[in-house]
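Those protein sequences? They're chains A and B, same order as listed.
Residue numbers are given in our numbering: position 15 of the first sequence equals residue 523, and the series is strictly consecutive.
Residue numbers are given in our numbering: position 488 of the second sequence equals residue 523, and the series is strictly consecutive.
Step one of this worksheet: look at the structure below.
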Amino acid sequence: MAQQEFDIRYVANLARIQLSPEEQETLGAQMNDILGYVQKLQELDVSQVDPTAHAMPVTNVTQPDEPAETMSHENALRNAPSTSNGLFLVPKIVE
Amino acid sequence: MLNQRTIQELIQQLEKKEVSSQEITQACLDRIQAAEPKLHAYLHIDPDDALAQAECADNAIAKGADFKLQPLLGIPISLKDVIAVRGQPLTCASRILETFRSPYDATVAHHLKEAGAILVGRLNMDEFAMGSSTENSAFGRTSNPWDLERIPGGSSGASAVAVAADECIASLGSDTGGSIRQPAALCGCIGFKPTYGRVSRYGLVAFASSLDQIGPFTKTVYDAATMLQVISGNDPRDSTSLRQPVPVYTKALTGDIKGVRLGLPKEFMVEGLDPEVETAVRQAVDHLQSLGAEIKEISLPHTDYAVATYYIVATAEASANLARYDGIRYGLRVEGKDPNELYTKTRGAGFGPEVKRRVILGTYVLSSGYYDAYYLRAQKVRTLIRQDFQKAFEEVDAIVTPTTPTAAFKAGEKTGDPLKMYLSDIFTISCNLAGNCGISVPCGFTSSPNLPIGLQILGPHFGEETILRIAHAYEQSTAWHKERTKVL
Chain A
509 MAQQEFDIRY
519 VANLARIQLS
529 PEEQETLGAQ
539 MNDILGYVQK
549 LQELDVSQVD
559 PTAHAMPVTN
569 VTQPDEPAET
579 MSHENALRNA
589 PSTSNGLFLV
599 PKIVE
Chain B
36 MLNQRTIQEL
46 IQQLEKKEVS
56 SQEITQACLD
66 RIQAAEPKLH
76 AYLHIDPDDA
86 LAQAECADNA
96 IAKGADFKLQ
106 PLLGIPISLK
116 DVIAVRGQPL
126 TCASRILETF
136 RSPYDATVAH
146 HLKEAGAILV
156 GRLNMDEFAM
166 GSSTENSAFG
176 RTSNPWDLER
186 IPGGSSGASA
196 VAVAADECIA
206 SLGSDTGGSI
216 RQPAALCGCI
226 GFKPTYGRVS
236 RYGLVAFASS
246 LDQIGPFTKT
256 VYDAATMLQV
266 ISGNDPRDST
276 SLRQPVPVYT
286 KALTGDIKGV
296 RLGLPKEFMV
306 EGLDPEVETA
316 VRQAVDHLQS
326 LGAEIKEISL
336 PHTDYAVATY
346 YIVATAEASA
356 NLARYDGIRY
366 GLRVEGKDPN
376 ELYTKTRGAG
386 FGPEVKRRVI
396 LGTYVLSSGY
406 YDAYYLRAQK
416 VRTLIRQDFQ
426 KAFEEVDAIV
436 TPTTPTAAFK
446 AGEKTGDPLK
456 MYLSDIFTIS
466 CNLAGNCGIS
476 VPCGFTSSPN
486 LPIGLQILGP
496 HFGEETILRI
506 AHAYEQSTAW
516 HKERTKVL
């Protein structure tokens, strides 16, 4: 497919990363270079090829559905930037 | 000097009670103190804690501990700051995790502790393992001990430096596209990437889940086999970890490679391959032939597509794995008027430029309208690359290549051009895509400046014993691995 001009602001928003105007310009240009390079994959005929998702396929890896020891509450909260009453504090989500 | 010895030598001396773990650890700490102003390999070091661990080890030895059950007892080992150790920092060389302390041990850290190792310090790296020079660290670059103006490679650059400069006896790093093998080559030590799934990824901060593997940096192949033994094995906490039993890797080091078939891929003699690197590798191949190996030219036809495939697959996986850094449960938080603004500001402030580049690229190739053209297509090319290796390993037992196209480059030389940096991974990257194992061993030096050159030996899935045997035979009949920098 033809490579379109990369919309850095749209994709940065999808990735939830705020960029300064300088970063938008630099990264946008670099993205175009990189995407231009990866176009070479279009040269190959992959119509009869299955995709590889796993380097070493292991299937049906399960464990018994039994409770076991887990991390303590205190330990889980130890690195939290903001907590209250043993819970992670987040900005208001619903008005 | 005790810090200059190998695991094998030190274990023998500890067993005979000729030295103590505290003496070895102190020697490493002294070297770290002397060398760090120039090297900057360590992000964090706690000398009191290290010596306390060493004291415990000495007590255990005095009580008659069995070195067969604890093959690393008393040996100082350092970890790349991407592998979790309870209570220790786990920054991944990123501002977004600058104050994070791990609440748990990685499985490999647990194995090292069970084996009696002394865990010393946290090693610098490219941020979130994204890079080939350790210049992408948020906390400053690490210098190559052979030339302080040059990079040590990456992303596990400091893991290679710490071993090459005798700051620790061995270290662990991680390899997603070459991040163990390449720094090992550029710093003149051994670096080993296991078959995908051989070593548990539980406690390894994820970059690209289908490519990441933890592996050792050591001064000798025997030490690499010892370390691999300790860290390998199935782990119920890593559903991608393999169930096959772990052989005794040191038993593979027979010294005999007569009749071993080695493949030289014709696609690896690329433009941009430094003539001195090519000469050193060809001489190494001749040497292997003189030891009895058969050399065959082989073809890996899709080599030219490996870098493009990797930078789609790895970045796509990274965009998913790094979504968790959102300022909520851990790490840096920059406040916002709503959750969305909190996320975008936090990640904007906390991620460095290379991380931003890769997460954004990865997001794009997975996004609606582009998924088929980029990600799905890259996964199919990945199949073709895997098949290249499978076909090659029907004809040969192992594949030999240069590890890198050039010796260590100067700091700042490639930072302006990300694509140029990516293309320097050409020899290591396809191994991760195929899930194979690989090792880099020192095979020479460039003349001026005097910089290490690495020989890469790639094996099929579960080919650890084969490549260790070849690497060991080569190493034991050459002296490259004994060279040490005179710069500091």
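Note that the Cβ used here is the ideal one computed from N, Cα and C, for glycine as well.
1) Could you tell me which uninterrupted beta strand (DSSP E) segments, each at least 3 residues in length, are contained entirely in the stretch 102-183 of chain B, listed from first to last along the chain?
2) Where DSSP assigns a beta bridge to I474/B, which residues make up the other side?
3) Does any residue of chain A have a CB that is nearer than 8 Å to the CB of L377/B?
4) Among the candidates L468/B, P72/B and S354/B, whose CA atom is the shortest distance from the CA of N179/B?
5) If you drop the 5 nearest sequence neighbours on each side, which residues of the same chain put their C-beta closer than 6 Å to that of L527/A?
6) Should H562/A be flagged as near chain B, meaning a C-beta pair shorter than 8 Å?
7) A510/A by DSSP, collapsed to three states: which one?
8) Given that S402/B touches chain A, what residues does it touch there, using C-beta distances under 8 Å?
9) Could you check which residue in A328/B, A219/B and L107/B has the C-alpha nearest to that of I505/B?
10) Name the two residues that bound the continuous alpha helix (DSSP H) containing S354/B.
11) According to DSSP, is T591/A part of a helix, a strand, or is it coil?
12) Label M304/B either buried or exposed according to how many other C-beta atoms from any shown protein chain fall within 10 Å of its C-beta, with 16 as the threshold for buried.
13) Could you please give the first and the last residue of the uninterrupted alpha helix (DSSP H) stretch that includes H581/A?
14) Classify H562/A as buried or exposed, calling it buried when 16 or more other Cβ atoms lie within 10 Å of its own Cβ.
15) Hey, is the stretch 344-353 of chain B in contact with the stretch 408-420 of chain B, meaning 3+ C-beta pairs nearer than 8 Å?
16) For A523/A, does the count of other Cβ atoms within 10 angstroms reach 16, so buried, or fall short, so exposed?
17) Looking at chain B, is there any beta carbon in it that lies within less than 8 Å of the beta carbon of S592/A?
18) Of all the options K115/B, Q105/B and T126/B, which has the alpha carbon lying nearest to the alpha carbon of N587/A?
19) Is the stretch 450-466 of chain B close to the stretch 313-332 of chain B, with three or more CB pairs under 8 Å?
20) Looking at C-beta atoms only, is the number of pairs between the stretch 466-480 of chain B and the stretch 494-503 of chain B that lie closer than 8 Å three or more?
21) State whether the stretch 213-233 of chain B contacts the stretch 183-191 of chain B, with contact taken as three or more CB pairs (one from each stretch) at a distance under 8 Å.
22) When the Cα atoms are used, what is the spatial distance from Q511/A to L183/B?
23) Check this for me: beta carbons of M262/B and A219/B, under 8 Å apart or not?
24) Please look up how many angstroms separate the CB atoms of Y509/B and L323/B, rounded, as I've assumed it's under 8 Å.
25) Just to confirm, are Y77/B and N159/B a CB contact at a threshold of 8 Å?
26) From the DSSP output, in three-state form, read off A205/B for me.
27) Roughly how far, in whole angstroms, is the beta-carbon of T338/B from the beta-carbon of E302/B, given that I think they are within contact range, below 8 Å?
28) Y406/B versus chain A: which residues are under 7 Å apart at the beta carbon?
29) Excluding the five sequence neighbours on either side, which residues of its own chain have a C-beta within less than 6 Å of the C-beta of A384/B, listed in chain order?
30) Using CA coordinates, which residue listed in F480/B, I118/B, T60/B and A427/B is at the minimum distance from G298/B?
31) What is the residue span of the beta strand (DSSP E) that F252/B lies within?
32) Identify, in the order they occur along the chain, each residue of the same chain with its Cβ nearer than 8 Å to the Cβ of L86/B, setting aside the five sequence neighbours on each side.
33) With 16 as the cutoff for other CB atoms within 10 Å, does L503/B come out buried or exposed?
34) Helix, strand or coil for K415/B? Go by DSSP, reduced to three states.
35) Can you tell which of S580/A, V557/A and Q538/A has its C-alpha closest to the C-alpha of P388/B?
36) Suppose you measure from the CA of P271/B to the CA of Q571/A; what does that come to, to the nearest Å?
In short:
1) 111-115 and 153-158
2) As a first step, residue 474/B must be located in the second sequence, where it is residue number 439. Paired residues: F227/B and I492/B.
3) Stepping through the second sequence from its first residue, residue 377/B is reached at position 342. Answer yes: the Cβ-Cβ gap between L377/B and chain A drops below 8 Å somewhere.
4) Position 144 of the second sequence, counted from the start, is the residue given in the question as residue 179/B. Of the candidates L468/B, P72/B and S354/B, the one whose C-alpha sits nearest the C-alpha of N179/B is P72/B.
5) Here residue 527/A refers to the residue found at position 19 when the first sequence is read from its first residue. Within the same chain, L527/A has close Cβ partners A520.
6) In the first sequence, residue 562/A corresponds to position 54, counting from 1. Closer than 8 Å to some Cβ of chain B, the Cβ of H562/A qualifies, so yes.
7) Against the first sequence, residue 510/A aligns to sequence position 2. At A510/A, the pLDDT of 41 sits below 50, so the modelled position is not reliable; the number obtained from the coordinates is stated separately. In the structure shown, A510/A sits in coil (DSSP, three-state: anything other than H, G, I, E or B).
8) Along the second sequence, read from residue 1 onward, the residue named residue 402/B stands at position 367. Simply V519 and L522.
9) Reading the second sequence from its first residue, position 470 is the one you call residue 505/B. Among A328/B, A219/B and L107/B, the Cα nearest to that of I505/B belongs to A328/B.
10) Taking the first residue of the second sequence as 1, we reach residue 354/B at position 319. From DSSP, the alpha helix (DSSP H) with S354/B extends over A341 to N356.
11) For the purposes of this step, residue 591/A is identified with residue 83 of the first sequence, where counting begins at 1. Correct three-state label for T591/A: strand.
12) Residue mapping note: residue 304/B aligns to position 269 of the second sequence, counting from 1. M304/B comes out exposed.
13) Numbered from 1 along the first sequence, position 73 holds the residue referred to as residue 581/A. Its alpha helix (DSSP H) spans residues H581 to L585.
14) Locating residue 562/A in the first sequence gives position 54, where the first residue counts as 1. Burial is judged here by how many other beta carbons sit within 10 angstroms of a residue's own beta carbon; H562/A has fewer than 16 and is exposed.
15) yes
16) Residue numbering aside, residue 523/A sits at position 15 when the first sequence is read from its first letter. By the neighbour-count rule (16 or more Cβ atoms within 10 Å), A523/A is buried.
17) For this step, residue 592/A is matched to residue 84 along the first sequence. No - not a single Cβ of chain B is within 8 Å of the one on S592/A.
18) Against the first sequence, residue 587/A aligns to sequence position 79. Scanning K115/B, Q105/B and T126/B for the CA closest to the CA of N587/A turns up T126/B.
19) no
20) yes
21) yes
22) Position 3 of the first sequence holds residue 511/A. Position 148 of the second sequence holds residue 183/B. Its pLDDT being 49, under 50, Q511/A is placed unreliably in this model, and the value from its coordinates should be taken loosely. Answer to the nearest angstrom: the Cα atoms are 42 Å apart.
23) Residue numbering aside, residue 262/B sits at position 227 when the second sequence is read from its first letter. Residue numbering aside, residue 219/B sits at position 184 when the second sequence is read from its first letter. Result no, Cβ atoms of M262/B and A219/B do not sit closer than 8 Å.
24) Counting from 1 along the second sequence, the entry for residue 509/B is found at position 474. Counting from 1 along the second sequence, the entry for residue 323/B is found at position 288. Indeed, because the Cβ distance is near 6 Å, the residues count as touching under 8 Å.
25) Along the second sequence, one-based indexing puts residue 77/B at 42. Along the second sequence, one-based indexing puts residue 159/B at 124. Yes. Within cutoff.
26) Start at 1 with the first residue of the second sequence, and residue 205/B comes out as number 170. Residue state, collapsed to three classes: strand.
27) Here residue 338/B corresponds to residue number 303 of the second sequence, with the count starting at 1. Here residue 302/B corresponds to residue number 267 of the second sequence, with the count starting at 1. About 4 Å separates the two Cβ atoms, so the contact holds.
28) Here residue 406/B corresponds to residue number 371 of the second sequence, with the count starting at 1. Chain A residues near Y406/B: none, gap ~11 Å exceeds 7 Å.
29) Within the second sequence, numbered from 1, the residue matching residue 384/B stands at position 349. So the list reads V369, once near-sequence residues are dropped.
30) By 1-based counting over the second sequence, the position of residue 298/B is 263. For G298/B, the nearest C-alpha among the options comes from A427/B.
31) Looking up residue 252/B in the second sequence gives position 217. Note, F252/B: beta strand (DSSP E), Q248 to T253.
32) Position 51 of the second sequence, counted from the first residue, corresponds to residue 86/B. Closer than 8 Å at the Cβ level, and outside the excluded window around L86/B, lie Q57, T60, Q61 and L64.
33) Sequence index remark: in the second sequence, residue 503/B carries index 468 (1-based). By the Cβ-count criterion, L503/B is buried, with 16 or more other Cβ atoms from all chains shown falling within 10 Å of its own Cβ.
34) What you label residue 415/B is simply residue 380 of the second sequence in a count that begins at 1. Correct three-state label for K415/B: helix.
35) Numbered from its first residue, the second sequence carries residue 388/B at position 353. When only C-alpha atoms are compared, the closest one is Q538/A.
36) Mapped onto the second sequence, residue 271/B falls at position 236. Mapped onto the first sequence, residue 571/A falls at position 63. Between P271/B and Q571/A, the C-alpha separation is close to 8 Å.
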